[in-house]
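Protein chains: 2
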Amino acid sequence: QLSQTLRSIAPNRRGVLVAAAAVKLSTSSTLRLSSNLPPLASSLYPPISADGRSLSRSSYSRIEPADLLVFADIIGQNHVITDPFEVLAANTDWPRDCRGQGGHVLRPGCAEEVSAILRHCQKRRIAVVPQGGNTGLAGGGVPVFDELVLSLSRMNRVLEFVTTIIFTLKLSQLESNSKIDAVAGLVVAEAGCVLADLDSHLSEHGLTVPLDLAAKGSCQIGGNLSTNAGGIRVLRYGSLRGSVRGLEVALASGELIDCGRVNEDESRLVQLMIGSEGTLGVLTKVTLACPPRPANVRLVLIGCDSFQSVLHLFSAARSTLAETLSAFEVMDAATMSAVSDNLKLNCPLSGSSEFYALVETASCDASGSNDAGKLDKFLECLVSLNHESAGSIDAVISNDSRQFGAIWALRERAFEALVADCGPAGGYMQFDAAVSDRLDMQRLVLATRAEFGQLDCVIRVAGFGHLGDGNLHLVVTADPAGAAACGLWPRVEAFVYGWLARRRGSISAEHGLGWKRSAYLGHCKSPTAVSVMAGIKRLLDPQGILNPYKVLPPSALSY
Amino acid sequence: QLSQTLRSIAPNRRGVLVAAAAVKLSTSSTLRLSSNLPPLASSLYPPISADGRSLSRSSYSRIEPADLLVFADIIGQNHVITDPFEVLAANTDWPRDCRGQGGHVLRPGCAEEVSAILRHCQKRRIAVVPQGGNTGLAGGGVPVFDELVLSLSRMNRVLEFVTTIIFTLKLSQLESNSKIDAVAGLVVAEAGCVLADLDSHLSEHGLTVPLDLAAKGSCQIGGNLSTNAGGIRVLRYGSLRGSVRGLEVALASGELIDCGRVNEDESRLVQLMIGSEGTLGVLTKVTLACPPRPANVRLVLIGCDSFQSVLHLFSAARSTLAETLSAFEVMDAATMSAVSDNLKLNCPLSGSSEFYALVETASCDASGSNDAGKLDKFLECLVSLNHESAGSIDAVISNDSRQFGAIWALRERAFEALVADCGPAGGYMQFDAAVSDRLDMQRLVLATRAEFGQLDCVIRVAGFGHLGDGNLHLVVTADPAGAAACGLWPRVEAFVYGWLARRRGSISAEHGLGWKRSAYLGHCKSPTAVSVMAGIKRLLDPQGILNPYKVLPPSALSY
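Those protein sequence lines, which keep their order, are chains W and U. Those letters in the first sequence? Residues 1 to 559, per the numbering used here, in order. Those letters in the second sequence? Residues 1001 to 1559, per the numbering used here, in order.
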């Protein structure tokens, strides 16, 4: 019925008023299709807040036809999106476990348009959700109520840059070019650049983006910075924020701040914006320092009998592979079984193990001969560990880049595999915990399994993540009806966050807080720290129009 | 006369009131010795501010005997320092080119004491300067007027840490210990830890601090973080802030915020504090991620005929040495001549060159055999560049750690060598510029030399710095009397900052803004950005007691 409605209104979708009417139609249509749609974000976990306050829509202005005319004036009629399918897609987060009720998506083409849109929204007090590739896992990039979605997708250019032109000599790798400063290794890109596109741009110049994560084909560099995304390369290149040399940010007032220099005081402002999930400003442009692209990559997949063995290997990898170590990931048997059960991906190891470590080395040495000795030393440790564990360790080594994708898929598709147990709506809960004692990565999984694993509705309690950063992704999957009947999800959430609070862990590491975790911030942060962050929010966004209901607990802010 | 005064009062220096009297005596005494002392900070460059406002003491409370009793109660009488020599040392910055007029130094022994001191200062509105190793170059760590000095020197412990204890197996490098988490590579230290001491602690566990700079024997990790110090390892390990996993900070109110977790929102607060030069809080504790200690280091000193050749070598080093490249420094002929004229240090290269590049490689491969191929490839580039430059390139390679110190001294003592031209008081001016186009590092030196090099009073215009980071230290030396007569220093300052503003460079990179540069912040930062930072300052320090007159221009704040 929705598609019928769409067909019938499509030819008329020219004027803004008609488009607005179409959205109204589509909203009622989607309601009729609700069995296929994720639940409304605003309907989940009532009362949503850990502090007992339920979340209600703040008194932002509703978007009027006159507003749409202003927006069309700024960015052009065809970039004011009201097509119900596109609007629905922009309202639904990637795991499809919640859905906002925004009616409009704006697609500005440049920072000045972002600035003009925000100026109008500030004046009218219209709430705005900046959206990148919409691959977030904490709900930070989708509306909770009827916020306006500000999509950065069109702002995907790699920009010109002050290039260090060396003209007297001609070493081949130094050819100057207009977009990338090869000597400096700096690139300036618009926030909407898709990570994989930016990386392939850089590869032409022998450089790489110091960030890699499963969503690279869709996520945007602006969104990556908004959550300070982690991924699998933190171990090698450090936190993404350390590679940022400049940012252009549109403030809530619409003012553009160009933090494109390296001054330290400005740098603090840059750092404050990074990880702010669009609550303090909209990132429009980024300057990144990019390392040389590795020429030689090897991958070792290891099956271990215990988490201790994995930790031993990690320590051995740090000392023997050191500067060539580029990733150290771990997943447990429950995760691997979901990958093989639900995605039919095959693990190349012969037997099954309790834990799987994925170790990647990367160096600039194309032949690999120079770094072979380091890998040999690591493998000696592996052999000795295998000996001590009575032969229970199993490993495959690959230097064939065609195999890499198949091996990495086991880890990169782990979350997707687990969600497939019972589907997204009410069928799973995922955590992004950070711990300082690496053993806690296993302890939390074991404790959660002990607490809930016996319940009939629970299917799997699985853990995987970035061992190098002490970052665990814990996923519990369950039959949605059974979970609802026994109130499983609030219990799981309370248990895990309570456990982390006692162990001084953190409730989020690399996915951001979004709205799914914002109410629990107090579990790992003092009231003083929360109130300082709330004060900074009020200072930069006095009307609270930027990504409301996100990051800070509802009790910390009142608009 | 001062020492006589001191001798006579020393036996009585027991009660606070007697000590306060001693300070009064010593102040008048030091005035009589003023010819040997740096000028008062408050007397320099009137009007001090680039915006035309002269700097005057804000209406902070004067320290009364009753305050000293409170402080003695908190930290013990013998840690309330009023000894005139110690107080004078704490008032004088490392280059000895300016001097504050503080009368007291407090030496708390723990974070709780820092907290209690700040609570009292907040209540009484007493201005405070947090001080680390006092090795700063921008005047950020010394009083401008009579601020209270809060020294972190006693807080120099490496603290206990949640250690990942692996007990089932015994690979030698994994022995657990109580202070350093070898698996995580994390260390928790008090802010007053001297950098070199912290590094030697870590060396016992095969780790290193991801920071190295000339002042390492005196500077403290808290001070390093307060300025986000750069140094020679940024190229290898990235900005220091990227390695910080947690901070404990005492706010102006005295409240301690423990940002010891990895939560992203907390991380933004951590990042805001880093580089804030004590204006937003006093760092009391830091958690750092530490990389494995390199086992094999080589140093190449290269004399080049042109800056372009240096840039070529940098690009070649990035692609051939890549992950083993650990430093790439540059200095010009004027700098090298100061080093040999004033410090009598010998450059091991046979002839003299226009520029000198210092390239360091470091890897975990103890034998060096694995990484020798990378160095060979770099040396091939060097040979081919030498060929293209008609044999004007000269180089020495060292893998003898005993020689390293002598070669590094040429670069690390460059600033000291230049200051020795005419002494600190009025005899030099130094800059800490950051540029994105590496060629600007040379252009700025040439432009400054063209503008001022012909003046009779000017001795040298020299440039050196961190090529890998586009960070130039420009130093002009001149006869103090001649410089004063022609108003040289304000002209040099205006010229250099104007040049940087036009080229979109930054007036500070790694030394901080302190008070020497704070008035010029507008040269590289928009009014909006300045006002956001001022708003954050007011939010966190409503009374303005923390390190006043620093970082932000006087016009941006009014207390």
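The C-beta atom is built at its ideal place from N, Cα and C for all residues, glycine as well. Given the structure is predicted, the values throughout are model-derived calculations rather than measurements.
- Would you report the Cα separation of W/V149 and U/M1533, rounded to the nearest angstrom? Counting from one through the first sequence, the residue named residue 149 of chain W turns up at place 149. Counting from one through the second sequence, the residue named residue 1533 of chain U turns up at place 533. The alpha-carbon atoms of W/V149 and U/M1533 are separated by roughly 28 angstroms.
**Prompt:** Does the region 324 to 334 of chain W come within contact of the region 359 to 375 of chain W, defined as at least 3 CB pairs closer than 8 angstroms?
**Reply:** yes
| With 8 angstroms set as the bound, which would you pick, yes or no: does the beta-carbon of U/E1175 sit closer than that to a beta-carbon of chain W? | Position 175 of the second sequence, counted from the first residue, corresponds to residue 1175 of chain U. Note on U/E1175: pLDDT 41, under 50, position unreliable in the model; the coordinate value appears next. Cβ-Cβ to chain W under 8 angstroms: no for U/E1175.
| So, U/C1347 versus U/M1336, is the Cβ gap smaller than 8 angstroms? | Counting from 1 along the second sequence, the entry for residue 1347 of chain U is found at position 347. Counting from 1 along the second sequence, the entry for residue 1336 of chain U is found at position 336. A contact, by the Cβ cut-off of 8 angstroms.
### Query
Between the region 435 to 450 of chain W and the region 467 to 476 of chain W, are three or more C-beta pairs nearer than 8 angstroms?
yes
Q. Can you give the Cα-Cα distance for W/R241 and W/G278, rounded to whole angstroms?
A. To locate residue 241 of chain W, count along the first sequence from 1; it is residue 241. To locate residue 278 of chain W, count along the first sequence from 1; it is residue 278. If you take the alpha carbons of W/R241 and W/G278, they lie about 15 angstroms apart.
* Would you grab the beta carbon distance between U/G1512 and U/G1206 for me? Rounded to a whole angstrom, and I think it's under 8 angstroms. => For the purposes of this step, residue 1512 of chain U is taken as the residue at position 512 of the second sequence. For the purposes of this step, residue 1206 of chain U is taken as the residue at position 206 of the second sequence. With a Cβ gap of about 32 angstroms, U/G1512 and U/G1206 do not count as contacting.
- Query: Expressed to the nearest angstrom, what Euclidean distance is found between the alpha-carbon atoms of U/N1547 and W/L256?
  - Reply: Residue 1547 of chain U sits at position 547 when you count from the first residue of the second sequence. Residue 256 of chain W sits at position 256 when you count from the first residue of the first sequence. If you take the alpha carbons of U/N1547 and W/L256, they lie about 29 angstroms apart.
**Message:** For the alpha helix (DSSP H) containing U/F1071, name the first residue and the last one.
**Reply:** For the purposes of this step, residue 1071 of chain U is identified with residue 71 of the second sequence, where counting begins at 1. Segment 1065 to 1075, the alpha helix (DSSP H) holding U/F1071.
Could you check where the beta strand (DSSP E) with U/F1431 kicks off and where it finishes?
Taking the first residue of the second sequence as 1, we reach residue 1431 of chain U at position 431. Counting along the chain, the beta strand (DSSP E) containing U/F1431 begins and ends at 1428 to 1434.
> Cα separation between U/R1233 and W/D479?
Replying inline: Position 233 of the second sequence holds residue 1233 of chain U. Position 479 of the first sequence holds residue 479 of chain W. Their backbone Cα atoms lie some 52 angstroms apart in a straight line.
* Neighbour flag for U/A1529 against chain W, beta carbons, 8 angstroms -> Position 529 of the second sequence holds residue 1529 of chain U. Yes, its Cβ sits closer than 8 angstroms to a Cβ of chain W.
Pick from W/S226, W/H312, W/L247 that is closest to W/L159, judged by C-alpha positions:
By 1-based counting over the first sequence, the position of residue 159 of chain W is 159. When only C-alpha atoms are compared, the closest one is W/L247.
Query raised in the report: Taking any Cβ of chain W, which residues in the region 1483 to 1499 of chain U have a Cβ under 8 angstroms from it, in chain order?
Result: none
| Of all the residues that make up the region 1129 to 1142 of chain U, which are near chain W by a beta-carbon distance shorter than 8 angstroms? | none
Nearest to U/W1408 by alpha carbon, out of U/I1302, U/A1420, U/Y1060?
In the second sequence, the residue the question calls residue 1408 of chain U occupies position 408. Here the closest residue by C-alpha is U/I1302.
Paired residues, beta bridge with U/R1491 - DSSP = Start at 1 with the first residue of the second sequence, and residue 1491 of chain U comes out as number 491. DSSP output for U/R1491 lists no bridge partner at all.
- With DSSP as the reference, label U/H1523 as helix, strand or coil. In the second sequence, the residue the question calls residue 1523 of chain U occupies position 523. DSSP places U/H1523 in helix when its eight states are reduced to three.
Could you list the residues in the region 1323 to 1350 of chain U with a C-beta less than 8 angstroms from some C-beta on chain W, going in chain order? E1323, T1324
Q. Quick one: any contact between the region 1217 to 1230 of chain U and the region 1129 to 1148 of chain U, if contact means 3 or more CB pairs under 8 angstroms?
A. yes
* Taking DSSP as the reference, what is the three-state secondary structure of W/G391? -> Numbered from 1 along the first sequence, position 391 holds the residue referred to as residue 391 of chain W. Three-state DSSP puts W/G391 in coil, outside helix and strand.
TODO: Could you tell me the boundaries of the alpha helix (DSSP H) in which U/G1223 lies?
DONE: Counted from its first residue, the second sequence places residue 1223 of chain U at position 223. Taken as a continuous stretch (DSSP letters only), the alpha helix (DSSP H) holding U/G1223 covers 1221 to 1226.
Between U/S1363 and chain W, is the shortest Cβ-Cβ distance under 8 angstroms, so that the two count as touching? As a first step, residue 1363 of chain U must be located in the second sequence, where it is residue number 363. Cβ-Cβ to chain W under 8 angstroms: yes for U/S1363.
From which residue to which residue does the beta strand (DSSP E) around W/Q131 run? For the purposes of this step, residue 131 of chain W is identified with residue 131 of the first sequence, where counting begins at 1. Taken as a continuous stretch (DSSP letters only), the beta strand (DSSP E) holding W/Q131 covers 128 to 131.
Notebook entry, point to check: Can you give the Cα-Cα distance for W/V383 and W/I393, rounded to whole angstroms?
Noted result: Locating residue 383 of chain W in the first sequence gives position 383, where the first residue counts as 1. Locating residue 393 of chain W in the first sequence gives position 393, where the first residue counts as 1. Cα to Cα, the separation comes out at about 8 angstroms.
| task | Tell me where the beta strand (DSSP E) around U/A1484 begins and ends. | result | For the purposes of this step, residue 1484 of chain U is taken as the residue at position 484 of the second sequence. Looking at the DSSP string, U/A1484 is not in any beta strand (DSSP E); the run it does join, the alpha helix (DSSP H), is 1480 to 1485.
Is it right to say W/F314 is buried, meaning 16 or more other beta carbons lie within 10 angstroms of its own, or is it exposed?
Residue numbering aside, residue 314 of chain W sits at position 314 when the first sequence is read from its first letter. Burial call: buried.
| query | What are the boundary residues of the beta strand (DSSP E) that W/Y356 is part of? | reply | Within the first sequence, the letter at position 356 stands for residue 356 of chain W. Its beta strand (DSSP E) spans residues 355 to 363.
| query | If we ignore side chains and look at the alpha-carbon of each, how far apart do W/P210 and W/G427 end up? | reply | For the purposes of this step, residue 210 of chain W is identified with residue 210 of the first sequence, where counting begins at 1. For the purposes of this step, residue 427 of chain W is identified with residue 427 of the first sequence, where counting begins at 1. Whole-angstrom Cα-Cα distance: 34 angstroms.
Pairs of beta-carbons, one from the region 1352 to 1365 of chain U and one from the region 1284 to 1303 of chain U, closer than 8 angstroms: are there three or more?
yes
Discussion item. How far does the alpha helix (DSSP H) with U/A1189 in it extend, from its first residue to its last?
Written reply: Position 189 of the second sequence holds residue 1189 of chain U. Careful: U/A1189 lies outside any alpha helix (DSSP H), inside the beta strand (DSSP E) at 1186 to 1190.
**Asked** Is U/N1091 buried or exposed, if buried means 16 or more other CB atoms sit within 10 Å of its CB?
**Response** The residue you call residue 1091 of chain U lines up with position 91 of the second sequence. Its Cβ being crowded by 16 or more others within 10 Å, U/N1091 is buried.
U/V1532 touches chain W at which residues, Cβ-Cβ below 7 angstroms?
As a position in the second sequence, residue 1532 of chain U is number 532, starting the count at 1. Here the neighbours are L269, L540.
Closer than 8 angstroms by beta-carbon distance: list the chain U residues that pair up with W/I257, in chain order. Counting from one through the first sequence, the residue named residue 257 of chain W turns up at place 257. Simply S1526, T1528, A1529, V1532.
Practice problem: Find the residues of chain U that neighbour W/P292, judging by a C-beta separation of less than 7 angstroms, and give them in chain order. | Solution: As a first step, residue 292 of chain W is located in the first sequence; it is residue number 292 there, counting from the start. R1318, S1319, A1322, listed in chain order.
_Rounded straight-line distance, which links the Cα of U/R1057 to that of W/P542_ = On the first sequence, residue 542 of chain W is found 542 positions in, with the first residue counted as 1. On the second sequence, residue 1057 of chain U is found 57 positions in, with the first residue counted as 1. The straight-line gap from Cα to Cα measures roughly 32 angstroms.
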